[in-house]
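Undergrad: I have a structure I would like to understand better, so I am pasting it below and will then ask my questions one at a time.
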Amino acid sequence: MASGLLRFKLVNKFTLGQTKPRVIVQTSSTPRENAMTPLLFHKILVPVDFSPCSREAFRVAVHLAKVFQAQLLLLHVIDSKALEALNALGLAKPSEYPQQKQKLRRAARVQARQLLKLEDVKGLEVTRLLSEGKPFVEIVRTARMERVNLIVMGSYGGHTSDVERIFFGSTAEQVVRTAHCPVLCIPFPSRVPHETGQEPANP
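Just so we're aligned: the sequence shown equals residues 1 to 203 in the numbering used here.
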């Protein structure tokens with residue numbers, strides 16, 4: 001698909017048990033004006049840093065994976081800046097980075113397993129991925145390598161300050177600008193109707 005402005009909308013209501021919904025995608029570079037192309041999401045990537053916002057994105061991604069009967073990829077990126085911060089605080093020396101990385105990896109695996117114990121995850125095909133580097137770079141790279149159709153992520157994470165968001169943009173904003181596929185950003189809190197047992201309010 002050529003690059004350009006991407007707009008998509010869900011055609012069917014997101015209710016489990018119904019026929020698979022179709023997604024209509026329209027790009028500004030579509031050859032025929034107002035041309036519409038149906039799209040199904042077969043592989044969904046959900047990056048998490050285990051902040052409340054990213055956990056909320058995971059819940060939404062689980063719901064979408066069930067609706068589209070899609071494979072779900074759960075990605076955690078060990079931010080290289082975290083090790084630099086430990087060094088700056090005097091909590092770790094560069095010579096201790098390998099040990100600190102192992103601790104971060106173990107902690108990530110434990111928290112990922114906790115997410116996968118959620119009741120809604122049962123019956124889903126979920127692949128856990130662990131990477132290291134700059135979060136938005138690793139997210140975009142993983143999305144391309146795994147050929148995902150959709151990225152679902154929190155609109156902000158637990159390691160980004162307000163100043164960083166103002167001057168450099170959040171990780172989500174950087175992913176939106178560079179990803180090859182649609183990106184669905186989830187604010188906190190957000191609840192899909194079946195989780196709350198309530199119908200959305202009429203506008």
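Cβ atoms here follow ideal geometry from the backbone N, Cα and C, with glycine treated the same way. Every value quoted in this text rests on a predicted model; they were computed, and no experiment measured them.
Answer yes or no: the CB of SER131 versus the heavy atoms of the ligand MN, is any distance below 7 Å?
TA: With respect to small molecules bound, the structure shown includes none, and the ligand MN cannot be examined in it.
Undergrad: According to DSSP, simplified to helix, strand and coil, what is PRO47?
TA: Strand, per DSSP.
Undergrad: Can you give me the C-alpha to C-alpha distance between GLU119 and GLY90, rounded to a whole angstrom?
TA: Each residue's alpha carbon lies about 41 Å from the other.
Undergrad: How big is the Cα-Cα spacing for GLN69 and LYS103?
TA: GLN69 and LYS103: Cα-Cα distance of roughly 34 Å.
Undergrad: Please name the residue, chosen from VAL46, LEU40, HIS42 and HIS76, that lies closest to GLU153 on a Cα-to-Cα basis.
TA: The amino acid at residue 153 is misidentified as Glu; the sequence shows Met. Among VAL46, LEU40, HIS42 and HIS76, the Cα nearest to that of MET153 belongs to VAL46.
Undergrad: With distances taken from CA atoms, which of PRO94, LEU74, GLU173 and LEU75 is nearest SER81?
TA: The sequence as given places Lys at residue 81; Ser does not occur at that position. Of PRO94, LEU74, GLU173 and LEU75, the residue nearest in Cα terms is PRO94.
Undergrad: Please classify PRO135 as buried or exposed, where buried requires at least 16 other C-beta atoms within 10 Å of its C-beta.
TA: When all chains shown are included, PRO135 counts as buried.
Undergrad: Could you tell me whether the region 173–181 touches the region 64–78, where touching means 3 or more Cβ pairs closer than 8 Å?
TA: Result no; under three Cβ-Cβ pairs closer than 8 Å.
Undergrad: Going by beta-carbon coordinates alone, are LEU86 and GLN71 separated by less than 8 Å?
TA: No, they are not a contact pair.
Undergrad: Give me the DSSP bridge partner(s) of THR127.
TA: DSSP, once it has assigned bridges, lists LEU73 as partnering THR127.
Undergrad: Any idea what DSSP makes of GLU138, helix, strand or coil?
TA: Reduced to three states, the DSSP call for GLU138 is helix.
Undergrad: Please go through the same chain and pick out, in chain order, the residues whose beta-carbon is closer than 8 Å to the beta-carbon of VAL121, but skip the five residues on each side of it.
TA: Same-chain partners within the cutoff: VAL62 and LEU115.
Undergrad: Between LEU130 and VAL60, what straight-line distance do the alpha-carbon atoms span, to the nearest angstrom?
TA: Using only the alpha carbons, I get a separation of about 20 Å.
Undergrad: By the three-class DSSP mapping on this structure, what secondary structure does ASN149 have?
TA: Of the three classes helix, strand and coil, the one that applies to ASN149 here is coil, per DSSP.
Undergrad: Do the CB positions of LYS43 and GLU146 come within less than 8 Å of each other?
TA: Cβ atoms of LYS43 and GLU146: closer than 8 Å.
Undergrad: Could you check what DSSP says for LEU89 in three-state terms: helix, strand or coil?
TA: It is coil, neither helix nor strand.
Undergrad: Tell me where the alpha helix (DSSP H) around LEU116 begins and ends.
TA: First-last of the alpha helix (DSSP H) with LEU116: 97–116.
Undergrad: Can you pull the DSSP bridge partners for VAL183?
TA: Partner(s): ILE151.
Undergrad: At the level of alpha carbons, what is the spacing between ARG109 and LEU124?
TA: About 18 Å.
Undergrad: Using only the alpha-carbon positions, how far apart do GLU96 and VAL140 sit?
TA: When rounded, the distance between both Cα atoms is 29 Å.
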